[in-house]
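What follows is the structure, given as structure tokens:
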């Protein structure tokens, strides 16, 4: 049995659309998870025209299909930049250093898989050389905002026994604060090296990239005694593809085109609470 999930911006999910799709797919009874926002229905198997139908509805709803069994995951493995927060930390630091436009271009290309992640990170960090370490605190206070739905996602999964890990290609100076604010159990990221109160322009080795995120998935799930199928991973960039492909649910959230092309589960209209709807939680079940 499969579940067809429809998630839209709050107040925009048309009941008639849900019923029409259910009838077209020969689905079972509709379950409304949030009025005007999220609904789902079961089908025996994936419809042959699912991809075409999904593509035709991208402006109206995020349409996904997923197994009915084992939907509620025991672990959340999340990227940080443009996933749990709305910014790319290195881009915000670069703005303070006066090299924002150049760094943003490199970041965009790296996240779309056009550049080697480790090389691109090293190049961008070099442009931050001499920036006062105190700027990190300023950026955190004035430039960094949480992605909507993040606290509810983490609180709800943890209330139902799940473990939450933040794994970022960004920097520990940011992940530590973001993890604490949202309620993650642990965080992993790269470290910016500092001398005499200023950034050296060199990241600590080894650089945490795509393979390190897969390693985190393997290590943490093994430590918890759960399988990789019990993990929900979420990210937006090419360096997230390894963990997205290995996890039971790998969700591309507002992701780069090259990332969406390789992920079965995609969220473009909803916020992070969409990951709860995908697991079958109703809005009335949300914590936080």
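Residue numbers (our numbering): 39 to 326.
By construction, the Cβ of each residue, glycine as well, lies at the ideal position given by its N, Cα and C atoms.
Open item on the list: Between the alpha carbons of residue 56 and residue 115, how many angstroms are there, rounded?
Closed with: Stepping through the chain shown from its first residue, residue 56 is reached at position 18. Stepping through the chain shown from its first residue, residue 115 is reached at position 77. Spanning the two alpha carbons is a distance of roughly 30 Å.
- [ ] Determine, using beta carbons only, whether residue 274 and residue 251 come nearer to each other than 8 Å.
- [x] On the chain shown, residue 274 is found 236 positions in, with the first residue counted as 1. On the chain shown, residue 251 is found 213 positions in, with the first residue counted as 1. Cβ atoms of residue 274 and residue 251: not closer than 8 Å.
Open item on the list: In the DSSP assignment, the alpha helix (DSSP H) including residue 255 goes from what residue to what residue?
Closed with: Taking the chain shown and counting its residues from 1, the one referred to as residue 255 is at position 217. Residue 255 -> alpha helix (DSSP H) spans 248–262.
Task: Length-filtered (3 minimum) beta strand (DSSP E) runs lying within the segment 63–124 - done: The qualifying runs are 69–72, 76–81, 100–105 and 113–116.
- [ ] Specify, as a first and last residue, the run of the alpha helix (DSSP H) that residue 170 falls within.
- [x] By 1-based counting over the chain shown, the position of residue 170 is 132. Counted as a single uninterrupted DSSP element, the stretch harbouring residue 170 is not any alpha helix (DSSP H), since DSSP gives it neither H nor E.
Task: Contact check, residue 70 vs residue 79, beta carbons under 8 Å - done: Position 32 of the chain shown, counted from the first residue, corresponds to residue 70. Position 41 of the chain shown, counted from the first residue, corresponds to residue 79. Against a cut-off of 8 Å, the Cβ pair of residue 79 and residue 70 comes out as no contact.
Task: Contact the segment 163–172 vs the segment 233–247: 3+ CB pairs below 8 Å - done: Output reads yes: the segment 233–247 touches the segment 163–172.
TODO: Find out if the Cβ-Cβ distance for the pair residue 157, residue 207 is shorter than 8 Å.
DONE: For the purposes of this step, residue 157 is taken as the residue at position 119 of the chain shown. For the purposes of this step, residue 207 is taken as the residue at position 169 of the chain shown. No, these two residues do not count as a Cβ contact at 8 Å.
Open item on the list: For residue 148 and residue 313, I'd like the C-alpha separation in whole angstroms.
Closed with: Here residue 148 corresponds to residue number 110 of the chain shown, with the count starting at 1. Here residue 313 corresponds to residue number 275 of the chain shown, with the count starting at 1. Looking at the backbone, the Cα of residue 148 and that of residue 313 are separated by about 25 Å.
- [ ] Could you work out which residue in 196, 154 and 218 is closest to residue 184 when comparing CA atoms only?
- [x] In the chain shown, counting from the first residue as 1, residue 184 sits at position 146. Comparing C-alpha distances from residue 184 to each of 196, 154 and 218 shows the shortest one belongs to 218.
Task: Rounded C-alpha distance that separates residue 225 from residue 201 - done: In the chain shown, the residue the question calls residue 225 occupies position 187. In the chain shown, the residue the question calls residue 201 occupies position 163. Cα-Cα distance, rounded: 12 Å.
TODO: Report buried or exposed for residue 243, applying the criterion of at least 16 other Cβ atoms within 10 angstroms of its Cβ.
DONE: If you number the chain shown from 1, residue 243 lands on position 205. Its Cβ having fewer than 16 others within 10 Å, residue 243 is exposed.
Task: Counterpart residues of residue 155 in DSSP-defined beta bridges - done: The sequence position of residue 155 within the chain shown is 117, counting from 1. Note: residue 155 sits in no beta bridge, so no partner.
Open item on the list: Measuring only the C-alpha atoms, how far is residue 117 from residue 241?
Closed with: One-based indexing of the chain shown puts residue 117 at position 79. One-based indexing of the chain shown puts residue 241 at position 203. Rounded to the nearest angstrom, the two C-alpha atoms are 19 Å apart.
Task: Close beta carbons around residue 203, own chain, < 8 Å, minus the five adjacent residues each side - done: As a position in the chain shown, residue 203 is number 165, starting the count at 1. For residue 203, the CB contacts under 8 Å within the same chain, skipping 5 residues up- and downstream, are 113, 114, 115, 116, 222, 223, 224, 225, 226, 254 and 258 in chain order.
Task: Separation of residue 307 from residue 51, as counted between CA atoms - done: The residue given as residue 51 occupies position 13 in the chain shown. The residue given as residue 307 occupies position 269 in the chain shown. About 11 Å.
Open item on the list: Within the continuous beta strand (DSSP E) that includes residue 287, where are the two ends?
Closed with: In the chain shown, the residue the question calls residue 287 occupies position 249. In this chain, the beta strand (DSSP E) harbouring residue 287 covers 287–291.
Task: Which listed residue (153, 96 and 104) has its alpha carbon closest to that of residue 84 - done: Taking the first residue of the chain shown as 1, we reach residue 84 at position 46. When each option's Cα is compared against that of residue 84, the closest is 104.
- [ ] Mind checking who residue 233 pairs with in its DSSP beta bridge?
- [x] Looking up residue 233 in the chain shown gives position 195. 236, per the DSSP bridge assignment.
Task: Coarse secondary structure for residue 306, derived from DSSP in three states - done: Position 268 of the chain shown holds residue 306. If DSSP states are grouped into helix, strand and coil, residue 306 belongs with coil.
Task: DSSP-derived helix/strand/coil call for residue 245 - done: For the purposes of this step, residue 245 is taken as residue 207 along the chain shown, with counting starting at 1. Coil, per DSSP.
- [ ] Check each candidate in 199, 295 and 310 and name the one with the smallest Cα separation from residue 333.
- [x] Nothing about residue 333 can be reported from this structure: the residues present for the chain run from 39 to 326 only.
Task: Of the listed residues 98, 179 and 159, nearest to residue 245 (C-alpha basis) - done: Within the chain shown, residue 245 is the residue found at index 207, counting from 1. Comparing C-alpha distances from residue 245 to each of 98, 179 and 159 shows the shortest one belongs to 159.
Open item on the list: Beta-carbon within less than 6 Å of residue 178's beta-carbon, same chain only, minus the 5 sequence neighbours each way: which residues are those?
Closed with: Counting from 1 along the chain shown, the entry for residue 178 is found at position 140. So the qualifying residues of the chain are 215.
Open item on the list: Taking its Cβ as the centre, do 16 or more other Cβ atoms sit within 10 Å of residue 261, making it buried, or is it exposed?
Closed with: On the chain shown, residue 261 is found 223 positions in, with the first residue counted as 1. Residue 261 counts as exposed, since fewer than 16 other C-beta atoms from the protein chains shown sit within 10 angstroms of its C-beta.
Open item on the list: Using only the alpha-carbon positions, how far apart do residue 96 and residue 151 sit?
Closed with: Here residue 96 is taken as the residue at index 58 of the chain shown, counted from 1. Here residue 151 is taken as the residue at index 113 of the chain shown, counted from 1. Their Cα atoms are separated by approximately 23 Å.
Open item on the list: Helix, strand or coil, according to DSSP, for residue 228 in the structure here?
Closed with: Locating residue 228 in the chain shown gives position 190, counting from the first residue. DSSP places residue 228 in strand when its eight states are reduced to three.
Open item on the list: Suppose the cutoff is 7 Å on Cβ atoms and the five residues either side in sequence are ignored; what does the same chain contact list for residue 309 look like?
Closed with: For the purposes of this step, residue 309 is taken as residue 271 along the chain shown, with counting starting at 1. Around residue 309: 185, 186 and 187.
Task: Rounded C-alpha distance that separates residue 291 from residue 304 - done: The sequence position of residue 291 within the chain shown is 253, counting from 1. The sequence position of residue 304 within the chain shown is 266, counting from 1. Each residue's Cα considered, the two are about 6 Å apart.
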